[in-house]
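Student: Handing you a structure now.
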């Protein structure tokens, strides 16, 4: 059995490293996402794909809320989305997010 509470993150994607030897986390694949969607576990899915993965700002805000005993903040954008945006901009596409 392998579990992770703290550990290193990838420098580019800010996702937890994979594998027991690197003190990494468990991979959460596409089929696992589909299973949680099928069960209607949207809150759990959002937490796993953002705060417990590569939402750097949301991770810090969540930790602060836990320490202060406050309600959980809304998760932000995953860092993998920012990486995708930069790659698309590198291809010459002008992308902008609207609120």
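Numbering (the UniProt record's numbering), first residue to last: 1 to 99.
Think of the CB as a built atom: it goes at the ideal place given N, C-alpha and C, for glycine as much as any other residue.
Just to confirm the assignment: which complete alpha helix (DSSP H) runs, minimum length 4, are found wholly within the UniProt domain "RNA polymerase Rpb2" (24-98)?
Tutor: Entirely contained in the UniProt domain "RNA polymerase Rpb2" (24-98), the alpha helix (DSSP H) runs reaching 4 residues are, in chain order, 30-39, 42-49, 56-68 and 79-90.
Student: Which same chain residues end up closer than 7 Å to residue 48 when comparing Cβ atoms and leaving out the 5 residues on each side of it in sequence?
Tutor: Cβ within range, chain order: 28.
Student: Are the stretch 68-81 and the stretch 35-42 touching by the rule of at least three beta carbon pairs closer than 8 Å?
Tutor: With a cut-off of 8 Å, the stretch 35-42 and the stretch 68-81 do not count as touching, because too few Cβ pairs lie within range.
Student: In three-state DSSP terms, what is residue 16?
Tutor: Here residue 16 sits in strand by DSSP.
Student: Write down the C-beta distance between residue 53 and residue 16 rounded to the nearest angstrom, noting that I regard them as a contact closer than 8 Å.
Tutor: About 7 Å; that satisfies the 8 Å criterion.
Student: For residue 81, would you say it is in contact with chain D, using Cβ-to-Cβ distances shorter than 9 Å as the test?
Tutor: The question asks about chain D, but that chain is absent: this structure has only one protein chain.
Student: Starting from the Cα of residue 76, find the closest Cα among 30, 87 and 61 and give me that residue.
Tutor: Comparing Cα positions, the closest option is 61.
Student: Among 26, 45 and 55, which residue has its Cα nearest to the Cα of residue 80?
Tutor: If we check each option's Cα against that of residue 80, 55 comes out closest.
Student: Going by the CB atoms, is the gap between residue 97 and residue 88 shorter than 9 Å?
Tutor: Taking 9 Å as the Cβ cut-off, residue 88 and residue 97 do not qualify as a contacting pair.
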